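Chemist: Sharing a structure, written as structure tokens. Questions coming.
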Ligand SMILES: *[C@@H]1O[C@H](CO)[C@@H](O)[C@H](O)[C@H]1NC(C)=O
Ligand SMILES: *[C@@H]1O[C@H](CO)[C@@H](O)[C@H](O)[C@H]1NC(C)=O
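Residue numbers (my numbering): 39 to 516.
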């Protein structure tokens with residue numbers, strides 16, 4: 039065996055090499071079409087004015103494409119998947135898997151991919167190359183350093199996902215969860231040996247404060263009624279909208295005590311907030327959403343801030359435009375296996391219209407189940423005026439959970455990194471953790487990449503300030 043195999047291998051290799059060579063000679067058009075167009079810089083190693091390629095090989099997702107959520111209609115969710123960069127668990131099939139969901143509603147998770155937690159970020163090409171205005175640069179704060187990372191363009195109709203009809207776009211969180219569940223199941227089926235036993239964490243920010251609990255809750259319910267179990271281990275929500283009726287009531291105080299409005303303005307804003315709350319209690323959802331938007335518009339007018347996502351910023355988050363332009367490039371689309379006819383919708387208007395009535399509906403009851411049966415991380419950038427620290431604390435303290443008193447009484451510890459640098463504050467009790475991230479706004483990982491990475495790793499591995507003596511959360515057994 040040992041002596042014959044290498045000889046055989048050598049012969050086989052030579053044979054294959056010759057065949058490939060002949061094939062290339064026979065089909066030069068195929069070859070030219072496939073390779074150089076996908077790797078524009080690979081062929082021009084010398085004397086190029088721009089030494090950077092549009093899409094370096096290392097920046098490619100491990101897998102990307104579509105997960106069908108309805109085989110009758112063909113609607114499908116676009117995904118990109120990045121395997122863990124390094125192995126810290128015995129093998130990949132035991133390495134946790136994170137799923138990221140963007141907010142909006144209707145914004146693409148590729149924002150998360152290319153300007154927040156993904157391994158490569160879109161940046162301007164400083165070589166001013168007309169043909170390649172953007173480059174990809176490694177993100178040292180990537181969340182796939184030691185975990186697998188899956189981005190889903192959710193709901194259908196957003197990003198590169200395909201909605202066969204407008205009517206099929208979800209109008210409530212149950213329908214969102216139904217599609218996500220099918221997509222996640224489909225993803226696991228792509229390689230069930232590799233994926234099915236991995237601990238799953240659902241993470242997201244902003245309006246995903248609705249989606250994350252919705253899919254988490256749905257998985258727990260499905261696990262109860264079938265023997266096909268998804269290994270949900272936890273959910274994480276950054277600057278999330280979870281319980282709007284409570285959260286809409288916090289804008290006036292938050293802005294007032296941040297020194298952004300005066301007492302008279304606070305009273306005026308409170309009147310509008312109370313109206314939004316009243317309408318929500320009456321379940322007049324459309325009117326309640328309108329009223330909430332009025333509160334936010336008022337906040338924008340009164341403060342004159344360039345963005346309510348971060349009151350310390352002089353300009354809005356401009357990288358969203360770079361990511362949008364980058365993803366409109368046909369070459370990029372081909373590299374990512376995007377359907378040719380699909381046009382990138384950075385934040386889909388159609389999706390936000392479909393979910394308009396959902397806006398003021400609470401998913402707090404779903405978090406109440408999740409905190410009992412999985413781990414929950416809430417984190418907020420301290421400068422956010424949309425769904426920030428005070429906004430989150432307001433609904434968290436009303437959680438129906440037997441441990442909530444102990445959580446609220448637990449010590450909030452100062453979190454330092456790299457020696458003495460203040461990174462924020464961590465409060466944790468059993469399954470619930472809350473993190474305030476210093477010098478960050480609504481998009482925490484975009485503002486504090488390394489600290490956000492330390493946070494998610496600490497939370498999942500239960501190290502540092504997340505070490506939890508009371509922890510009693512063995513993952514769901516499959
Ligand atoms: C798929 O689409 C068909 C036709 O619109 C619909 O009847 C069915 O309920 C959908 N299935 C799912 C899982 O949404
Ligand atoms: C989405 O793209 C449109 C068109 O390019 C742009 O006007 C809008 O600002 C973009 N939205 C975000 C969040 O970047």
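Quick reminder that beta carbons are idealized off the backbone N, C-alpha and C, glycines included. In this text the structure is predicted, and so the values were computed from the model without any measurement.
1) Is the distance from the Cβ of residue 120 to the Cβ of residue 498 below 9 Å?
2) Have a look at the DSSP bridge pairing and note the partners of residue 471.
3) CB residue 476 to CB residue 483, shorter than 9 Å?
4) Does ligand 2 have a heavy atom nearer than 8 Å to the CB of residue 133?
5) As a quick check of your reading: which residues have a C-beta less than 5 Å from at least one non-hydrogen atom of ligand 1, in chain order?
6) Among 333, 292, 232, 441, which has the Cα closest to the Cα of residue 134?
7) Pull the bridge partners of residue 159 from the DSSP assignment, please.
8) Output the distance between the C-alpha atoms of residue 60 and residue 387, rounded to the nearest integer angstrom.
9) Cutting at 6 Å between CB atoms, please list the residues of its own chain near residue 345, excluding the five before and the five after it.
10) Taking the alpha carbon of residue 276 as the reference point, which residue from 191, 253, 334, 141 has its own alpha carbon closest?
11) Please determine whether the Cβ atom of residue 191 lies at a distance below 8 Å from any heavy atom of ligand 2.
12) Nearer than 8 Å: is that true of the beta carbon of residue 363 relative to any heavy atom of ligand 2?
13) In whole angstroms, what separates the C-alpha of residue 160 from that of residue 357?
14) For residue 469, count neighbouring C-beta atoms within 10 Å of its own C-beta (all shown protein chains included) and say buried if the count is 16 or more, exposed if not.
15) For residue 501, count the other beta carbons within 10 Å of its own beta carbon; 16 or more makes it buried, fewer makes it exposed. Which is it?
16) State the CB to CB distance for the pair residue 400 and residue 281, rounded to an integer number of angstroms; the pair is presumed to be in contact (CB under 8 Å).
17) In angstroms with no decimal places, state the Cα-to-Cα distance between residue 198 and residue 314.
18) Rounded to a whole number of angstroms, what is the C-alpha to C-alpha distance between residue 181 and residue 110?
19) Where does residue 245 fall in DSSP's three states?
20) Just to confirm, is the Cβ distance from residue 269 to residue 235 under 9 Å?
21) Rounded to whole angstroms, how far is the Cβ of residue 237 from the Cβ of residue 101, which I believe are closer than 8 Å?
22) Are the region 176 to 195 and the region 146 to 157 touching, with three or more C-beta to C-beta distances below 8 Å?
23) Confirm, please, whether the CB-CB distance from residue 246 to residue 136 is below 9 Å.
24) Determine the closest residue to residue 108 out of 223, 158, 92, with distance taken between C-alpha atoms.
25) In this structure, does DSSP put residue 497 in helix, strand or coil?
26) Do the CB positions of residue 118 and residue 393 come within less than 9 Å of each other?
27) Any heavy atom of ligand 3 inside 8 Å of the beta-carbon of residue 96?
28) Specify whether the region 397 to 414 and the region 457 to 465 touch according to this definition: at least 3 beta carbon pairs, one from each stretch, less than 8 Å apart.
29) Once DSSP output is grouped into helix, strand and coil, what is the label at residue 256?
Modeler: Checking against the coordinates, here is how it stands:
1) no
2) 415, 466
3) no
4) no
5) 108, 110, 111
6) 232
7) 175
8) Reliability fails at residue 60, whose pLDDT of 43 lies under 50, so the model's placement of it is uncertain and no value is given.
9) 351, 354
10) 141
11) no
12) yes
13) 8 Å
14) buried
15) exposed
16) 5 Å
17) 33 Å
18) 35 Å
19) coil
20) yes
21) Rounded, the Cβ-Cβ distance is 19 Å, inconsistent with contact.
22) yes
23) no
24) 223
25) helix
26) no
27) With respect to small molecules bound, the structure shown includes ligand 1 and ligand 2 and not ligand 3.
28) no
29) helix
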